Amino acid sequence: MNPTETTTPARAGAPATDATPRLGSMTQNDVAAIAARGGDTEFLAKRRTAAWRWYQDTPFPSRLDELWRRTDISKFKWEDVIPTCPAHPMVTSASALPASLQEAIGPAEERSALLVQIDAETVYAERADTFAAQGITFAPIAEAARLQPALVERYLGATVRPDENRFTGMNAALRSGGAFLHVPKGVRVERPIRIVVSRQTPNVAQFPHIVVALEEGAEATVIEEYVSSGEPGIGVCVGVTELTVGDAASLHFATFQRWGGNVYHFGTERVRVGRDSRFHWTVTELGGKLRKADFEMFLEGEGAEAKLSGCYFGSETQHFDFHTFQNHKVGHGVSDLLFKGALRSRARTIYQGLIKIHRDAQRSDAYQANRNLILSNKARADSIPSLEIEANDVRCTHGATVGQVDDEQIFYLMSRGLNRHDAEMLVIGGFFTPVLDRIPAESLRALVTAAVERKADG
Amino acid sequence: MSDQQPQQPVLDIREGYKEKFGFHDDIAPVYKSRKGLDPEVVSTISEMKKEPAWMREFRLKSLEHFERKPMPTWGGRLSDIDFQDIYYYLKPVDEQGRTWEDVPADIKRTFDKLGIPEAEQKFLSGVGAQYDSETVYHKIKESLSAQGVIFLDTGSALEQHPDLFREHFGTVIPPSDNKFAALNSATWSGGSFIYVPKGVKVELPLQAYFRINAQNMGQFERTLIIVDEGAFVHYVEGCTAPIYATDSLHAAVVEIVVKKGGRCRYTTIQNWSNNVYNLVTKRAMAHEDATMEWVDANLGSKLTMKYPSVYMVGRGAHAEILSIAFAGKGQHQDAGAKVVHAAPDTTSNVMSKSISKDGGRAGYRGLVKVTKGSGGCKSTVKCDALILDEDSRSDTYPYMEIEEDMVSIGHEATVSKIGDEQLFYLMSRGIPEDEAAAMVVSGFIEPITKELPMEYAVEMNRLIQLQMEGSVG
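Sequence order for the protein chains is A and B.
Residue 160 is where the first sequence starts when you use our numbering, and the numbers rise one by one after that.
Residue 456 is where the second sequence starts when you use our numbering, and the numbers rise one by one after that.
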């Protein structure tokens, strides 16, 4: 394993605090400065400028938008957001990363590559020796654009466009860090590739953009992780994740979010899956103060199979608003979604899911289930699983439940000598097991399971 | 399938009637106020009806709400409605003005071919004032009033029972509820008023047909039903015969109050001709241990947006909503249900069956809400949709908003086509394909049709057969 030979230009290292422009007073020149500092190629810099204009001209979604009816961001002070931050020095080995991240990145033998972003900068990159020979590209976006301009131009923005809404525009204009992964035709990546986005400077915003493209027949497992331990002030993350799974390719993608309780995270994550490809998404959402996320799967080739297994656990005053979209654009596709959540104390969760079967997508098979376990009478769960079906030769089923811990199960366990608390823990654990079992990488699975247990324990 | 490809010839139910029976209505109404809506028109309506001042105020306030409220941006396409191109009040036909003899012969022929009894034909063709209900239903009416049951058209109820009326009117659906409820509150005319006293159980279903000197089913009818403690009533509105309307907007409001331990069932069979926008607000307030049941079948209209709802405000209240939506060519049925659990130990059951065909769009839009402090609630929602061809569409939009932990809420939905195996089996028994398909569809909605009064269930199945004729190829 090699520490990266990064080509990122030397940083100015100016300790920007009060002098750093806030989002409200930013100009085109500040955007150009971010581009220069991040080492953008001409293509990337132009893209930023165009996105900045779009962002300036586009209002934030309001509560009149169906997907924003239940999350009010009108009082959020965007103008105070600080989009850049002082440079962090690159580290040359994983062991030099902050101690709090050691657990997150897991043991070296469980990964084939790793990118770590802290605040607005990539601070560490490593990749297996074999990557070069296999022709795999894995680097922060600016670096990838210098190494493989054609690939970056082909896949950047191909799945999530900057001009979709104000958030995607903001991400493209102010992009920081992020990752670009390209796996060539027929190449199989043995061990998981990990992308860690973390933060430590108060009030700084991050705009990570993660791009993954698998060519025909390629196989990979990729883990994106958002982690912090609750530095003072607030944290803002506006992310875009776009995945392309080529024909007959196979991608297992894991999203693990365990921000500290001060973070507002808005994310648009979408995958396009090609003919006869396999895609599996495991989503775990535990942290943050406000989390708004779209997880969208577009089935674009016949015979595609897309699966999403999600789990969320809200507590305190956490606000989670998830939207899933199973978009069957062509026929003979299978999508299968299971999204399970628990709520404690005053948590508020919204699950809004849509299965759409387009007119020509005959012989589609789609399933969508949302299960909620409410553990407190002050919590609130909304569930809106929807179907829009325009083809007739299809099988579509969905279900949603909201309920409490089953008294009979508790009674049974207590009759076997467990106390109520342990019995409840066991039942909650059992509720999540079917989802947690699907998480890739043993260390990650253990980490997630422990984190869920901690939350369950209150 | 592209638009260029030859389309299967389609027999639409209403087209079918037209072709087969030459059913249409060219009758010019005797009197109309001017088109459009403003405070003057609303005041005129109130004056013509000789209403008390408070109702006039209520109407004018409602008009303000109507003007302020935005059009819904969801559901169906509403942009074609021109509120200024509508007559908001038709003076009730003069007693001598319109008789059975005036009804065009072709309409009479249509009714004959459908096998509708003459008394009901008269009602349907708008000569209700001459409708000889006195003799037919005299006994029923007598026994009802002996029990203290009030069954009047809403306007007469305001006149004859002002206190009872005012106590409940507009309490379940305030004018500010939505744009169309506001419109109705400003312009309402006709509809039924029912009061069932404590402990009285009305054995026979009450039907709109029975109304004495009733106005015809109007554009902006307003129905108010009060079921007192421990009482029971079953009300049936609409009929399976297509109701031809020259007016393209129907915005009714139905308010129901079911008091402690009472039970009300409200059955609707909606079969407006397919030029009609049917935008109806129906809501019931169910008190302690009360039961409210909506059986709601939507077959007609161009666009229906209707979500019968039950607000359970007393402990142990129960709601039951059964919904059928059948959308054929050019139709959009945005049907559904709303249950609000606002008291502990309340239970609800929603079953929806939707069928779309020949490019029609049928859907379920529903809400299950449990408010804070309403522990022990249980709710089950089950939606099934059948899409009969590749041009048609089905939508399911269930909303669940749960603010309580001691609950059990479930929603399930499936969308599918007619099972090839079922068709194959029936056809192997010598049944032609379209009949077999009609049988499958009838079986699909059977859980709901079995809840209809028998004659309606029979007619419903006949309608389905008609809809399905020549539909499979």
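Quick reminder that beta carbons are idealized off the backbone N, C-alpha and C, glycines included.
Everything numeric in this text was worked out from a predicted model, so none of it was measured.
Measure from the C-beta of V582 (chain B) to each C-beta in chain A and report whether the shortest distance is under 8 Å. Locating residue 582 (chain B) in the second sequence gives position 127, counting from the first residue. Residue confidence is low: V582 (chain B) scores 42 on pLDDT, short of 50, so the model does not pin down where it sits. Its coordinate-derived value is still stated next. Cβ-Cβ to chain A under 8 Å: no for V582 (chain B).
If we call anything under 8 Å between Cβ atoms a contact, is T851 (chain B) one with C832 (chain B)? The count along the second sequence starts at 1 and reaches residue 851 (chain B) at position 396. The count along the second sequence starts at 1 and reaches residue 832 (chain B) at position 377. No. Outside cutoff.
At least one CB of chain B closer than 8 Å to the CB of Q485 (chain A): is that the case? Locating residue 485 (chain A) in the first sequence gives position 326, counting from the first residue. No - not a single Cβ of chain B is within 8 Å of the one on Q485 (chain A).
Residues in its own chain within less than 6 Å of Y721 (chain B) by CB, not counting five upstream and five downstream? Sequence index remark: in the second sequence, residue 721 (chain B) carries index 266 (1-based). Counting only Cβ-Cβ distances below 6 Å, and skipping sequence neighbours, we find Y690 and W749.
Going by C-alpha to C-alpha distance, which of B:D683, B:I810, B:F538 and B:V712 sits closest to V768 (chain B)? Here residue 768 (chain B) refers to the residue found at position 313 of the second sequence. Ranked by Cα distance from V768 (chain B), the first of B:D683, B:I810, B:F538 and B:V712 is B:V712.
Nearest by alpha-carbon distance to G531 (chain B): which of B:K596, B:L734 and B:H623 is it? As a working mapping, residue 531 (chain B) is identified with position 76 in the second sequence. For the set B:K596, B:L734 and B:H623, the Cα lying nearest the Cα of G531 (chain B) is the one of B:L734.
Applying a beta-carbon distance threshold of less than 8 Å, which residues of chain A neighbour K872 (chain B)? Here the question's residue 872 (chain B) lines up with position 417 in the second sequence. Within chain A, the residues near K872 (chain B) are N551, D552 and V553.
The beta strand (DSSP E) spanning A338 (chain A) covers which residue range? Here residue 338 (chain A) corresponds to residue number 179 of the first sequence, with the count starting at 1. Element bounds for A338 (chain A): A338 to V342.
According to DSSP, is Y543 (chain B) part of a helix, a strand, or is it coil? Here residue 543 (chain B) is taken as the residue at index 88 of the second sequence, counted from 1. It is coil, neither helix nor strand.
Exposure of N324 (chain A), with buried meaning 16 or more beta-carbon neighbours within 10 Å: One-based indexing of the first sequence puts residue 324 (chain A) at position 165. Label assigned to N324 (chain A): buried.
Three CB pairs or more closer than 8 Å across the region 337 to 350 of chain A and the region 267 to 277 of chain A: Output reads yes: the region 267 to 277 of chain A touches the region 337 to 350 of chain A.
Using a C-beta cutoff of 8 Å, does E547 (chain A) count as contacting chain B? Taking the first residue of the first sequence as position 1, residue 547 (chain A) is located at position 388. Yes, its Cβ sits closer than 8 Å to a Cβ of chain B.
Which residues does DSSP list as the beta-bridge partners of H368 (chain A)? Against the first sequence, residue 368 (chain A) aligns to sequence position 209. According to DSSP, which records beta bridges pairwise, H368 (chain A) is partnered with A:V399.
Burial state of K499 (chain A), where buried means 16 or more other Cβ atoms lie within 10 Å: Working through the first sequence from its first residue, we reach residue 499 (chain A) at position 340. By the neighbour-count rule (16 or more Cβ atoms within 10 Å), K499 (chain A) is buried.
Using beta carbons (cut-off 8 Å, strictly below), is A868 (chain B) in contact with chain A? What you label residue 868 (chain B) is simply residue 413 of the second sequence in a count that begins at 1. Output row for A868 (chain B): interface = yes.
Pair within 8 Å by beta-carbon distance, V765 (chain B) and R718 (chain B): Position 310 of the second sequence, counting from 1, holds the residue named residue 765 (chain B). Position 263 of the second sequence, counting from 1, holds the residue named residue 718 (chain B). No, the Cβ-Cβ distance between V765 (chain B) and R718 (chain B) is not below 8 Å.
Please say whether I598 (chain A) and T441 (chain A) have beta carbons closer to each other than 8 Å? Here the question's residue 441 (chain A) lines up with position 282 in the first sequence. Here the question's residue 598 (chain A) lines up with position 439 in the first sequence. Judged by beta-carbon spacing, I598 (chain A) lies within the 8 Å limit of T441 (chain A), meaning their Cβ atoms are closer than that value.
Determine whether the beta carbon atoms of S811 (chain B) and I842 (chain B) lie at a separation below 8 Å. Taking the second sequence and counting its residues from 1, one reaches residue 811 (chain B) at position 356. Taking the second sequence and counting its residues from 1, one reaches residue 842 (chain B) at position 387. It is a contact, given that the beta carbons lie within the stated cut-off.
Can you grab the Cα-Cα spacing for the pair V548 (chain B) / G492 (chain A), in whole Å? On the second sequence, residue 548 (chain B) is found 93 positions in, with the first residue counted as 1. On the first sequence, residue 492 (chain A) is found 333 positions in, with the first residue counted as 1. Unreliable positioning characterises V548 (chain B) in this predicted model, as indicated by a pLDDT of 43, which lies under 50. A coordinate reading is not provided.
S535 (chain A) versus chain B: which residues are under 7 Å apart at the beta carbon? Here residue 535 (chain A) refers to the residue found at position 376 of the first sequence. The CB of S535 (chain A) comes closer than 7 Å to the CB of D860 in chain B, given here in chain order.
Under a CB-based cut-off of 8 Å, is K614 (chain A) close to chain B? Here residue 614 (chain A) refers to the residue found at position 455 when the first sequence is read from its first residue. No, K614 (chain A) does not count as interfacial toward chain B.
Length of the line joining the Cα atoms of K568 (chain B) and R437 (chain A): Locating residue 568 (chain B) in the second sequence gives position 113, counting from the first residue. Locating residue 437 (chain A) in the first sequence gives position 278, counting from the first residue. Here K568 (chain B) scores only 49 on pLDDT, less than 50, and its place in the model is too uncertain to base an answer on.
Would T427 (chain A) be called buried (16 or more neighbouring beta carbons within 10 Å of its own) or exposed? Mapped onto the first sequence, residue 427 (chain A) falls at position 268. Looking at its Cβ environment, which holds 16 or more other Cβ atoms inside 10 Å, T427 (chain A) is buried.
Which partner residues of K205 (chain A) appear in the DSSP bridge assignment? Here residue 205 (chain A) is taken as the residue at index 46 of the first sequence, counted from 1. K205 (chain A) is not bridged to any residue.
Touch check for the region 578 to 587 of chain A and the region 541 to 559 of chain A: three-plus C-beta pairs under 8 Å? The answer is no - the region 541 to 559 of chain A does not touch the region 578 to 587 of chain A, with fewer than three Cβ pairs under 8 Å.
I want to see whether chain A comes within less than 8 Å of E710 (chain B), judged by CB atoms only; does it? Reading the second sequence from its first residue, position 255 is the one you call residue 710 (chain B). With 8 Å as the cut-off, E710 (chain B) does not count as an interface residue toward chain A.
Three-state secondary structure (DSSP) of T441 (chain A): Counting from 1 along the first sequence, the entry for residue 441 (chain A) is found at position 282. T441 (chain A): strand per DSSP, three-state reduction.
Residues from the region 787 to 811 of chain B in contact with chain A, defined by Cβ distance under 8 Å: Correct list: empty, as no residue qualifies.
With 8 Å as the threshold, decide whether the Cβ of R597 (chain A) is near any Cβ in chain B. As a first step, residue 597 (chain A) must be located in the first sequence, where it is residue number 438. Closer than 8 Å: no.
Using a C-beta to C-beta distance shorter than 7 Å, which residues of chain B count as neighbours of D453 (chain A)? The residue labelled residue 453 (chain A) in the question sits at position 294 within the first sequence. Scanning chain B for C-beta atoms nearer than 7 Å to the C-beta of D453 (chain A) yields nothing, as the closest lies near 18 Å away.
Mind checking if G865 (chain B) is an interface residue toward chain A, Cβ cutoff 8 Å exclusive? Taking the first residue of the second sequence as 1, we reach residue 865 (chain B) at position 410. Yes, G865 (chain B) lies at the interface with chain A (some Cβ there is under 8 Å from its Cβ).
Mark L518 (chain B) as exposed unless 16 or more other C-beta atoms lie within 10 angstroms of its C-beta, in which case mark it buried. Taking the second sequence and counting its residues from 1, one reaches residue 518 (chain B) at position 63. Flag for L518 (chain B) reads buried.
Give me the Cα-Cα distance between E547 (chain A) and E401 (chain A), rounded to the nearest whole angstrom. Here residue 547 (chain A) refers to the residue found at position 388 when the first sequence is read from its first residue. Here residue 401 (chain A) refers to the residue found at position 242 when the first sequence is read from its first residue. One alpha carbon belongs to E547 (chain A), the other to E401 (chain A), and they sit about 24 Å apart.
For M740 (chain B), count neighbouring C-beta atoms within 10 Å of its own C-beta (all shown protein chains included) and say buried if the count is 16 or more, exposed if not. In the second sequence, the residue the question calls residue 740 (chain B) occupies position 285. M740 (chain B) comes out buried.
Cβ shell of S883 (chain B) (< 7 Å), same chain only, five flanking positions each side left out: Counting from 1 along the second sequence, the entry for residue 883 (chain B) is found at position 428. There are no such residues.
P599 (chain A), DSSP secondary structure in three states: Along the first sequence, one-based indexing puts residue 599 (chain A) at 440. If DSSP states are grouped into helix, strand and coil, P599 (chain A) belongs with coil.
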